[in-house]
Every structure is written in C-alpha cells, then in structure tokens.
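Our numbering applies: residue 4 is where the sequence shown begins, and numbers increase by one.
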Amino acid sequence: MNKGQRISQLVEELSGKTPGEEGVEIAAHPCYLGFFRCWNEQRYYEAHDVLEHLWLRTKSEDANYFKGLIQAAGGFVHLQKQHARPTHPKDGRRMYPAVRLFRLAEKNLKPFAPRRHRFDIAGFLQLLRRQAEAIVASEYRENPWNPESAPQLTVTQEGRCGTPVLPGENQLRPGDDENDRQD
4 MNKGQRISQL VEELSGKTPG EEGVEIAAHP CYLGFFRCWN EQRYYEAHDV
54 LEHLWLRTKS EDANYFKGLI QAAGGFVHLQ KQHARPTHPK DGRRMYPAVR
104 LFRLAEKNLK PFAPRRHRFD IAGFLQLLRR QAEAIVASEY RENPWNPESA
154 PQLTVTQEGR CGTPVLPGEN QLRPGDDEND RQD
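Written as structure tokens, this is what we have:
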C-alpha cells in the first residue's frame, strides 16, 4: 500500500467518509478534521500525513495555512521522540529542529490570525511561541512536552472558534458563560 492509499484509508477510518475535495467546506473536510483528531490522540506524525494529503491538492491561500499546521505537527513529532528517548544519539537532539519548525509554522500561520476555518490561530500561535521559548530558555536541554500535559486542539461549530487547551487551564469552552468557569 502506497502512502496515498494509506492516508485515504486513515481518513476513512477517522471520519467514516471517503476523501473528496470537491464541494466540501474546509472546516468539515475529513483530512482537516482528521488532523485535529490525530493531534489530540498524540499521533502528530499521522496528523502531519493526513493534512499533507489535503495540502498537496490545495492551490489557494490555504496552502500556507495547511503548511503551517503541518510544520507545527512536525515540531511536536520531534518533541515526542525526544521525550521518549532523550539520550538517543539522534532523538536526543530533536529540540533544535522542533524550534525551527515552530518558528516556520508561526510565519505561515500568522497571516491567518486570529482565526481560520473555525480554529483559533492566535491561541495556537501563543502555544507554539511558549513551546519554542521554553526550549530556548533551557538552552535546548528541557523538553516542555509530555504525554500527560499535551495540548488539545479543537475546531468548533460555525461562528465559534476552537482554542488550544493545555490540561489544567481554566478556560471557558464554546457555549459557556462566566458562571461556568471552574475555579
């Protein structure tokens, strides 16, 4: 099975739909939604692959948007691998490429802030900056990522915007009001 077939199969498994680019709103496209699902399952490499499937077929300005999301996922692949094997000769040095990818992602995503296709780009950019700054501040010695506190991303219903959430953050969710805040 080639990569395209594998990704098509993954998209079908994630969405129950066969990929078809024509006439599908981006925020409802199975590859786009599959990216967020894979991300939240900490399958960053698969998130990268499933969105790449859509990115390679995109001729609009969304190409840079997708590229930025793919680069961010790539940065988290590096952090995840470094976390799993910090003393490994190759995986132990993955903090540098992670920071580079976070900065490239920021460059590609910044024009789409504050939101794009029902996703909070401004909040996501803050997340990427915090990750990069934490790594640089530790002189590339401390990995800010771990599976227990991995960020979760959401795409919301029309008219609302999903915000990246780190476990334990005191945030309102779409539809909540100030009385719903958990203190």
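Each residue gets a CB set at the ideal place from its N, CA and C atoms; glycine is no exception.
Can you give the Cα-Cα distance for Gly-171 and Ser-152, rounded to whole angstroms?
Note that Gly-171 scores 46 on pLDDT, short of 50, meaning its location in the model is unreliable; the coordinates nonetheless yield the value given after this. Cα to Cα, Gly-171 sits roughly 8 angstroms from Ser-152.
Can you tell me whether Gly-71 is buried or exposed? The criterion is at least 16 other CB atoms within 10 Å of its CB, across all chains shown.
buried
Between the CA atoms of Gln-45 and Pro-150 - distance to the nearest angstrom:
8 angstroms
Which of helix, strand or coil DSSP assigns to Gln-45:
coil
Does DSSP put Arg-106 in a helix, in a strand, or in coil?
Helix, per DSSP.
With H, G and I counted as helix, E and B as strand and the rest as coil, what does DSSP make of Arg-144?
coil
Just how far apart, CA to CA, sit Tyr-48 and Ala-125?
23 angstroms
Are Leu-54 and Phe-69 close, meaning C-beta to C-beta below 7 angstroms?
The answer is yes: Cβ separation under 7 angstroms.
Suppose the cutoff is 8 angstroms on Cβ atoms and the five residues either side in sequence are ignored; what does the same chain contact list for Glu-145 look like?
Ala-137 and Ile-138
Starting from the Cα of Pro-147, find the closest Cα among Phe-122, Val-80 and Thr-159 and give me that residue.
Val-80
Would you decide whether Gly-37 is buried or exposed? Buried here means 16 or more other CB atoms lie within 10 Å of its CB.
buried
Cβ atoms of Ala-135 and Phe-105: under 7 angstroms apart, would you say?
Pairing Phe-105 with Ala-135 gives a Cβ-Cβ distance under 7 angstroms.
Please work out which residues of its chain come closer than 6 angstroms, Cβ to Cβ, to Leu-82, disregarding the five sequence neighbours upstream and downstream, and give them in chain order.
Ala-101, Asn-146 and Trp-148
Counting C-beta neighbours from all protein chains within 10 Å, is the total for Arg-96 16 or more, i.e. buried, or is it exposed?
exposed
Do His-51 and Cys-34 count as a contact pair if the criterion is CB distance below 7 angstroms?
no
Using alpha carbons as the reference points, say which of Asn-43, Ile-29, Ser-63 and Ala-75 lies closest to Phe-127.
Ala-75
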